[in-house]
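Undergrad:
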Amino acid sequence: MLVDQYQRKISYLRLSVTDRCDFRCQYCMSEDIEFMPKQQMLTIEEMTRLSQIFINLGITKIRLTGGEPLVRRGIDDLIGSLGKNKKLKELTLTTNGSQLDKKYSILKKSGIKRINVSLDSLNAKHFKAITRGGDLNQVLSNLELIKNNIQVKLNVVLMKNVNDHEINDLLNYAIERHFNITFIEQMPLGDIGFDRYNSFIDSDKTKELIESNFSLIKIPLSTGGPADYWKIKNTDTAVGFISPHTHNFCEACNRIRVSADGHLHLCLGQENKINLIDPLRASQSDHEVEKVILEAMLVKPKSHDFDLQSKTQIIRFMSHTGG
Ligand code: SAM
Ligand code: SF4
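Take 192 as the starting number for the sequence shown in the working numbering and just add one per residue.
Structure representation (structure tokens):
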């Protein structure tokens, strides 16, 4: 069992399998983002080995993320082998949904029961603008394809004068399909030239916007993530709020992240990171890597400390560490 210096039990690993993506969402990355050199990235075999080391240390849930996890070459092999791992209670992923048709069969075969899909707009023109090129119809038809076999939770970053006028459409879309939906407060990760400060909407405001048309009932749903959940009255849909700015959830943090270049990030909102790729490549024995991970638990920060006004706080893009 991994336990940090604040006695938080760490059982959830988010593994960023690539920093690359077929979209360029305005709030996530700059248009001309420079990706990490391929030789600096963990290979699929190294990711498989590292995941097994984490599982041996007590990780029971792994979320594959990125960048866009489904564009990573070899991802089927990683999903296939993690899917077979009996010690893992849950394997899941966060995706922009563009490749779900191509990966549907491996997801089903590997027993993936639920996934998060980012969807910030239901208007094809706005969607294309927000994602800088994404095809809304492709994502929507992929959601129709998988929805009966894989439970979907939508992720929305709500932004003033960008997609806030679509909030009811997004909720109705989720309700009609029995999807849950989570609103994420925008975080100051990476210098992207996007006006985060003026487009920022906090969770309290989002909840207020929702409650002008829908009744919300607090529910104790726990998904092992940081969201606070409410049920929309007379529907199957739960609405989650991830509020890193306004409702700090660090006390119950059970997560660590590994970036595609093999660094262990102990907190999304802090710069602390520990190199795992070197010990992994230096030794055939897992013991050295385990030692580094166990020592890292002693420096996991107590909390993040986001501040949108202080320009970009964290130089890393969200797509680097994995959302
Ligand atoms: N490409 C996949 C996707 O978009 O779902 C997975 C990676 S993406 C980085 C994971 C989540 O992070 C997405 O839901 C995205 O909307 C969110 N995200 C990206 N940049 C963000 C930021 N600066 N603040 C808050 N959420 C962000
Ligand atoms: Fe790609 Fe996801 Fe970032 Fe959008 S949010 S650019 S889909 S990694």
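By construction, the Cβ of each residue, glycine as well, lies at the ideal position given by its N, Cα and C atoms.
Here the structure is a predicted model, which is why all the values come from computation and not from measurement.
#1: Alpha carbon to alpha carbon, how far is K300 from Y388? Give it in angstroms, no decimals.
#2: Would you identify the three-state DSSP class for Q217, choosing helix, strand or coil?
#3: Run the CB neighbour count on M192, radius 10 Å, all protein chains shown included, and call it buried at 16 or more, exposed below.
#4: Please check the pair A451 and L273, which I expect to be a contact at CB under 8 Å, by giving their CB distance rounded to whole angstroms.
#5: Could you check if N354 belongs to the surroundings of the ligand SAM, using beta carbon to heavy atom distance under 8 Å?
#6: Does at least one heavy atom of the ligand SF4 sit under 8 Å from the Cβ of R448?
#7: Mind checking whether I321 and D311 have CB atoms under 9 Å apart?
#8: Kindly indicate which three-state DSSP category M227 falls into: helix, strand or coil?
#9: Helix or strand or just coil, what does DSSP make of T503?
#10: Going by DSSP, what residue range makes up the alpha helix (DSSP H) through E237?
#11: Would the C-beta of F214 count as close to the ligand SAM, meaning under 8 Å from any of its heavy atoms?
#12: According to DSSP, N346 sits in a beta bridge with which residue or residues?
#13: Considering only heavy atoms of the ligand ADP, does any lie closer than 8 Å to the CB of Q377?
#14: Anyone know if the C-beta pair for I253 and L206 falls short of 9 Å?
#15: Any heavy atom of the ligand SF4 within a distance shorter than 8 Å of the CB on E259?
#16: Looking at the secondary structure, which residues open and close the alpha helix (DSSP H) in which L279 lies?
#17: Does the ligand SF4 have even one heavy atom less than 8 Å from the beta-carbon of S309?
#18: Between K304 and I341, which are expected to be in contact by the criterion C-beta below 8 Å, what is the C-beta distance as a whole number of angstroms?
#19: From I383 to E225, what does the alpha carbon distance come to, in whole angstroms?
#20: Report yes if the C-beta of Y197 is less than 8 Å from at least one heavy atom of the ligand SAM; otherwise report no.
#21: Between D477 and I244, is the Cβ-Cβ spacing less than 9 Å?
#22: Expressed to the nearest angstrom, what Euclidean distance is found between the alpha-carbon atoms of Y420 and P411?
#23: Is the beta carbon of T285 closer than 9 Å to that of I270?
#24: Quick one: using the 10 Å Cβ neighbour count with 16 as the cut-off for buried, is H369 buried or exposed?
#25: Can you tell me where the alpha helix (DSSP H) holding D292 begins and where it ends?
#26: Distance check for L471 and T339, CA to CA, integer angstroms please.
#27: Report back the beta-carbon spacing between D355 and I401 to the nearest angstrom; my notes put them in contact at under 8 Å.
#28: When the Cα of N314 is compared with those of K491, P492, N359, R448, which residue comes out closest?
#29: Using a Cβ-Cβ cut-off of 8 Å (strictly less than) and excluding sequence neighbours within five positions of G302, which residues of its own chain qualify?
#30: Relative to the ligand SAM, is the shortest distance from any of its heavy atoms to the C-beta of V176 smaller than 8 Å?
TA: Taking the definition as stated:
#1: Your numbering for residue 388 matches position 197 in the sequence shown. Your numbering for residue 300 matches position 109 in the sequence shown. Whole-angstrom Cα-Cα distance: 43 Å.
#2: In the sequence shown, the residue the question calls residue 217 occupies position 26. Coil, per DSSP.
#3: Stepping through the sequence shown from its first residue, residue 192 is reached at position 1. Under this definition M192 is an exposed residue.
#4: The residue given as residue 451 occupies position 260 in the sequence shown. The residue given as residue 273 occupies position 82 in the sequence shown. So it is not a contact: roughly 16 Å between Cβ atoms.
#5: Counting from 1 along the sequence shown, the entry for residue 354 is found at position 163. Incorrect: N354 has no Cβ contact closer than 8 Å to the ligand SAM.
#6: Here residue 448 corresponds to residue number 257 of the sequence shown, with the count starting at 1. Checking the Cβ of R448 against the ligand SF4 gives no.
#7: Residue mapping note: residue 321 aligns to position 130 of the sequence shown, counting from 1. Residue mapping note: residue 311 aligns to position 120 of the sequence shown, counting from 1. It is a contact, given that the beta carbons lie within the stated cut-off.
#8: The sequence position of residue 227 within the sequence shown is 36, counting from 1. If DSSP states are grouped into helix, strand and coil, M227 belongs with coil.
#9: As a position in the sequence shown, residue 503 is number 312, starting the count at 1. Confidence in T503 is poor, its pLDDT being 47 and thus under 50, which makes the residue's placement too unreliable to answer from.
#10: Along the sequence shown, one-based indexing puts residue 237 at 46. From DSSP, the alpha helix (DSSP H) with E237 extends over 235–247.
#11: To locate residue 214, count along the sequence shown from 1; it is residue 23. Yes, Cβ of F214 sits closer than 8 Å to a heavy atom of the ligand SAM.
#12: Walking along the sequence shown from the start, residue 346 turns up at place 155. Answer is S309, T373, bridged to N346.
#13: In the structure on display, the ligand ADP does not appear, and the ligands it does have are the ligand SAM and the ligand SF4.
#14: Your numbering for residue 253 matches position 62 in the sequence shown. Your numbering for residue 206 matches position 15 in the sequence shown. Yes; because the gap between Cβ atoms is below 9 Å, this pair is in contact.
#15: Within the sequence shown, numbered from 1, the residue matching residue 259 stands at position 68. E259: yes, Cβ under 8 Å from the ligand SF4.
#16: Working through the sequence shown from its first residue, we reach residue 279 at position 88. Careful: L279 lies outside any alpha helix (DSSP H) and carries neither H nor E.
#17: Along the sequence shown, read from residue 1 onward, the residue named residue 309 stands at position 118. Checking every heavy atom of the ligand SF4 against the Cβ of S309, one is found closer than 8 Å.
#18: Along the sequence shown, read from residue 1 onward, the residue named residue 304 stands at position 113. Along the sequence shown, read from residue 1 onward, the residue named residue 341 stands at position 150. Confirmed, about 7 Å.
#19: The residue labelled residue 383 in the question sits at position 192 within the sequence shown. The residue labelled residue 225 in the question sits at position 34 within the sequence shown. Taking the straight line from one Cα to the other gives about 12 Å.
#20: Residue numbering aside, residue 197 sits at position 6 when the sequence shown is read from its first letter. Y197 Cβ: outside cutoff for every heavy atom of the ligand SAM.
#21: On the sequence shown, position 286 is the one that residue 477 refers to. On the sequence shown, position 53 is the one that residue 244 refers to. A contact, by the Cβ cut-off of 9 Å.
#22: Here residue 420 refers to the residue found at position 229 of the sequence shown. Here residue 411 refers to the residue found at position 220 of the sequence shown. Cα to Cα, Y420 sits roughly 7 Å from P411.
#23: Sequence index remark: in the sequence shown, residue 270 carries index 79 (1-based). Sequence index remark: in the sequence shown, residue 285 carries index 94 (1-based). No. Outside cutoff.
#24: Sequence index remark: in the sequence shown, residue 369 carries index 178 (1-based). Exposed, since its Cβ has fewer than 16 Cβ neighbours within 10 Å.
#25: Along the sequence shown, one-based indexing puts residue 292 at 101. First-last of the alpha helix (DSSP H) with D292: 291–300.
#26: Counted from its first residue, the sequence shown places residue 339 at position 148. Counted from its first residue, the sequence shown places residue 471 at position 280. One point to set straight first is that residue 339 is Asn, not Thr, in the sequence displayed. So the alpha carbons of these two residues sit roughly 40 Å apart.
#27: As a working mapping, residue 355 is identified with position 164 in the sequence shown. As a working mapping, residue 401 is identified with position 210 in the sequence shown. Not really, about 11 Å apart at Cβ, beyond 8 Å.
#28: Along the sequence shown, one-based indexing puts residue 314 at 123. If we check each option's Cα against that of N314, N359 comes out closest.
#29: For the purposes of this step, residue 302 is taken as residue 111 along the sequence shown, with counting starting at 1. Once the five neighbours on either side are set aside, the close Cβ partners of G302 are G274, L282.
#30: Outside the shown range of the chain (192 to 514) lies residue 176, about which nothing can therefore be said.
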